[in-house]
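Asks: Numbering (our numbering), first residue to last: 104 to 909. Glycine included, C-beta positions come from ideal geometry on N, C-alpha and C. The structure presented is a predicted model; accordingly, all values stated were derived computationally and were not measured.
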């Protein structure tokens, strides 16, 4: 070995040995006198503090940091002078490790190689008056002389299980970070400080304004960042780089300008293929709660930009943009498939009006989607004022009517043919329970439609209609539909349909006008039966259905209808009427005939009343006025009113009547036998009774030479009291061409007939010339009077017997 090399090695070894001896000696000295050192250190530090520093233990660490000098501090607590009031120590850490470049101790500039903090908290607290626990550090107004000292430089900062809090009660800010692990390396130059950070942090709170809630609430951040701080401009720059939020990769970039007062900041966050619910959860609740009203099953690409200042009550300007293709959107209206659109959230719609919910909006652009099988386009959908959110949008669609059918049977209309085209502008609430009024403007044109109304099993074709929305109301114009035998022209108006469609269908009022040259009511008998219930759709299928069409059944069942009808001709079973005019009201339970007038059987009628479906029966209560109708046709038209013994073939004459009667119409349109109750007051002119069996039986007793099988009478009037299967006949005279009969008693439709008949034998022809009615009646009672009884026999037929009844 060469001599100079040998000398160099010996010298180097001696120096190293000397350093080791010095370190060991210093370590032994510190360890031996650590109580004194702790007392002197804390006393010296506390002299410069508005508070108190306590250190539980201190010892040197020789081997962990060789050849540098290190100190380990245990149970370090730093409290300001008002700690007893607010209970938030500035520093409360179980373990602090400090490593210092040993040689830098010989200089005036201290080079701190590493500081490590473990298990504790750093809490920066400011109360509502502006007092902060950082005031523990006394300000030194004495200027340092040039070149006398420099700040210590820290090269590495590490933390484990440290809670870092900035709690500013005055400015309503709360930042609480649970630092699971952090390793920060600092490389200073003359003008810049480069920082590299690797950390795992749980953001318990990240609130710029606590009244608005926290961003990134309870999110786990995986940060691997490279930052740059410019000493001269006081600008902290975060170049674009990847981090992880709850294992979701996110690009982040930003700047913090500490030269401004208050400090300004800009943050940009980009996330690709992220679920909307996940991205919304990164934002504050006042924002995320509004975005959560929309559910997207697939991911989207999103970016957010935050600009603000770290000052009192400041909420940053937030802009969130996103886009997606071929996604599935689930909303209160229904499920939108093949959904593509771009979107933007902005909490500053109007400059200078603040970053508030009232000044916020959510916009969707270029929406293309299918609601069920119905394609929908919207150039712009806008939700404004997120405190009371209102949706505004322009929607267009063109589709075959069969596209709105569903396979569940839950929708009341089953379309078989036709097309529809919609062009609508909508403005209304977003949230289900909002009471913001709705408005829609635009049209829906239906052409050549064919459909079946399932609850009544009614089919129609050649359907054309124009639906015109004028705000909260719907106008139904130029509606033409045809059934097999009937054709209808209609128009109407549904008031307040948008605001009550989902919440209160019973408050919707439909004004409906119907005109027709012919209506065959036999096709509409199903309205006399209970509505058929739609099949209950499975939950999964209901989720795909449009909420609008699903609710249509409830609306049609619950709305109130005011109907004006003008029909040239109406046919129902044996009944035919002309010039039918009616005002009808349909409620969820009743059909009200406000006024119905018609021409029938050579005369006219006016009817009012109510029909109420109960089970398979339809109870009715009618008031009718009949004028100058042919009685035979009336009996034929109404199936002889449920009677077997007296039918239209037994009667002739012109009848006028006034009746108040109630009864039951069955599902097939017939009147249930013996269901009628009420009064029938009538007047029969130029009447005739033909082949009426009870009178033919009288002819077997007396008047064999008089034709009782065909008797006529000029005027017959009375009031019958109908009670189910009984007709109570008050005392009345039947003054006919063949015989006079004084009648009273009960006619039983199903037995129980008991009619008293007093029949004078005097021939009415003898008194035909007498005009005085009282004299004519007196003379008719002269002579022999036969007393007969018409009673029901065991075989159910009416028998004629001699004698008066009881």
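(1) In or out: residue 859 buried (at least 16 other Cβ within 10 Å) or exposed?
(2) Can you give, in chain order, each stretch of the beta strand (DSSP E) that sits fully within the stretch 715-755 and has at least 3 residues?
(3) Distance, Cα to Cα, residue 507 vs residue 487?
(4) Could you tell me which whole beta strand (DSSP E) segments of length 3 or greater appear in the stretch 298-379?
(5) Spatial neighbours of residue 424 within its chain, please: CB distance less than 6 Å, with the 5 preceding and 5 following residues excluded, ordered by chain position.
(6) Within the same chain, show all residues whose beta-carbon is closer than 8 Å to that of residue 643, passing over the 5 residues directly before and after it, in chain order.
(7) Just the C-alpha distance for residue 302 and residue 278, rounded to the nearest angstrom, thanks.
(8) Just checking: is the beta-carbon of residue 709 within a distance shorter than 8 Å of some beta-carbon in chain B?
(9) Tell me whether residue 572 is buried or exposed, calling it buried when 16 or more other Cβ atoms sit within 10 Å of its Cβ.
(10) Please report the Cβ distance between residue 846 and residue 830, rounded to the nearest whole angstrom; I am assuming they are in contact, meaning their Cβ atoms lie under 8 Å.
(11) Helix, strand or coil, according to DSSP, for residue 889 in the structure here?
(12) State the start and end residues of the unbroken beta strand (DSSP E) segment that holds residue 583.
(13) Which of the three DSSP states, helix, strand or coil, is assigned to residue 795?
(14) For residue 274, is the classification buried or exposed, using 16 other Cβ atoms within 10 angstroms of its Cβ as the cut-off for buried?
(15) Flag this pair as touching only if the stretch 818-826 and the stretch 780-794 have three or more C-beta atom pairs under 8 Å; answer yes or no.
(16) Provide the residue span of the beta strand (DSSP E) that contains residue 498, from first to last.
(17) Would you call residue 736 buried or exposed, if buried means 16 or more other Cβ atoms sit within 10 Å of its Cβ?
(18) Can you tell me which residues form a DSSP beta bridge with residue 711?
(19) Does the stretch 378-398 come close enough to the stretch 313-322 to have 3 or more Cβ pairs within less than 8 Å?
(20) Under a Cβ-count criterion, where at least 16 other Cβ atoms within 10 Å of its own Cβ denotes burial, should residue 202 be classed as buried or exposed?
(21) Restricting to Cα atoms, I'd like to know which of 280, 827, 882 is closest to residue 778.
(22) Which same chain residues end up closer than 6 Å to residue 647 when comparing Cβ atoms and leaving out the 5 residues on each side of it in sequence?
(23) Tell me, please, whether the stretch 367-383 touches the stretch 346-358 by the rule of three or more beta-carbon pairs shorter than 8 Å.
(24) Could you tell me how far apart the beta carbons of residue 527 and residue 498 are, in whole angstroms, since I believe they sit closer than 8 Å?
(25) Kindly indicate which residue of 613, 589, 586, 584 has the alpha-carbon position closest to the one of residue 595.
(26) Tell me which same chain residues have a C-beta within less than 6 Å of the C-beta of residue 668, skipping the five on either side of it?
(27) Let me know if residue 904 comes out buried or exposed under the rule of 16 or more other beta-carbons within 10 Å of its beta-carbon.
(28) Looking only at its own chain, which residues have a Cβ that is under 7 Å from the Cβ of residue 449, when we skip the five neighbours before and after it?
(29) Tell me residue 615's beta-bridge partners as DSSP assigns them.
(30) Over the uninterrupted beta strand (DSSP E) stretch that includes residue 881, give me the two end residues.
(31) What is the DSSP secondary structure of residue 188, reduced to helix, strand or coil?
(32) On the DSSP bridge assignment, give the partners of residue 697 in chain order.
(33) Mind the definition here: the stretch 218-234 touches the stretch 184-200 only if three or more C-beta pairs lie below 8 Å; say whether that holds.
(34) Please state whether the Cβ-Cβ distance between residue 333 and residue 392 is less than 8 Å.
(35) Which one or two residues does DSSP pair with residue 861 in a beta bridge?
(36) Suppose contacts are defined by Cβ-Cβ distances below 8 Å. Is residue 856 in contact with residue 895 by that definition?
Replies: Quick answer:
(1) Here residue 859 is buried, its C-beta having at least 16 other C-beta atoms within 10 Å.
(2) For the beta strand (DSSP E) assignment, the uninterrupted runs of no fewer than 3 residues enclosed by the stretch 715-755 are, from N- to C-terminal side, 720-733.
(3) Per the coordinates, the alpha-carbon of residue 507 lies some 30 Å from the alpha-carbon of residue 487.
(4) Within the stretch 298-379, the runs of beta strand (DSSP E) that reach at least 3 residues and sit entirely inside it are, in chain order, 322-333, 338-348, 351-360, 367-377.
(5) So the list reads 406, 447, once near-sequence residues are dropped.
(6) A caution first: residue 643 carries a pLDDT of 47, below 50, which makes its placement in the model unreliable, though a value can still be read off. Same-chain partners within the cutoff: there are none.
(7) Their Cα atoms are separated by approximately 17 Å.
(8) The chain inventory of the structure shown lacks chain B, comprising one protein chain alone.
(9) Counting every other CB atom within 10 Å of its CB across the protein chains shown gives residue 572 a total of 16 or more, marking it as buried.
(10) Actually they are not in contact, since the Cβ atoms of residue 846 and residue 830 sit about 12 Å apart, beyond 8 Å.
(11) Of the three classes helix, strand and coil, the one that applies to residue 889 here is strand, per DSSP.
(12) Segment 577-585, the beta strand (DSSP E) holding residue 583.
(13) It is coil, neither helix nor strand.
(14) Label assigned to residue 274: buried.
(15) The stretch 818-826, when compared against the stretch 780-794, does touch it at the 8 Å Cβ threshold.
(16) Run containing residue 498: 493-503, per the beta strand (DSSP E) assignment.
(17) Residue 736 should be labelled buried.
(18) Per DSSP, 726.
(19) Yes, the stretch 378-398 touches the stretch 313-322.
(20) Buried, by the Cβ-count rule.
(21) When 280, 827, 882 are compared, the shortest CA-CA separation from residue 778 is found for 827.
(22) Its pLDDT being 46, under 50, residue 647 is placed unreliably by the model, and the measurement read from it follows with that caveat. Contacts found: 438.
(23) Taking 8 Å as the limit for Cβ pairs, the verdict is that the stretch 346-358 does touch the stretch 367-383.
(24) Contact between residue 527 and residue 498 holds, since their C-beta atoms are separated by about 5 Å, short of 8 Å.
(25) With distances taken between Cα atoms, residue 595 lies closest to 613.
(26) So the qualifying residues of the chain are 617, 685.
(27) The residue in question, residue 904, is exposed, as its Cβ has fewer than 16 Cβ neighbours within 10 Å.
(28) Residues of the same chain with a CB within less than 7 Å of the CB of residue 449, apart from the 5 flanking positions on each side, are 422, 463, 464 in chain order.
(29) As DSSP reads the structure, residue 615 sits in a beta bridge with 595, 666.
(30) Per DSSP, residue 881 belongs to no beta strand (DSSP E); it is in the alpha helix (DSSP H), 876-883.
(31) In this structure, residue 188 counts as helix in the three-state DSSP scheme.
(32) None, per the DSSP bridge assignment.
(33) Contact holds: three or more Cβ-Cβ distances are below 8 Å.
(34) Cβ atoms of residue 333 and residue 392: not closer than 8 Å.
(35) By DSSP's assignment, residue 861 forms a beta bridge with 845, 890.
(36) Contact flag set, yes.
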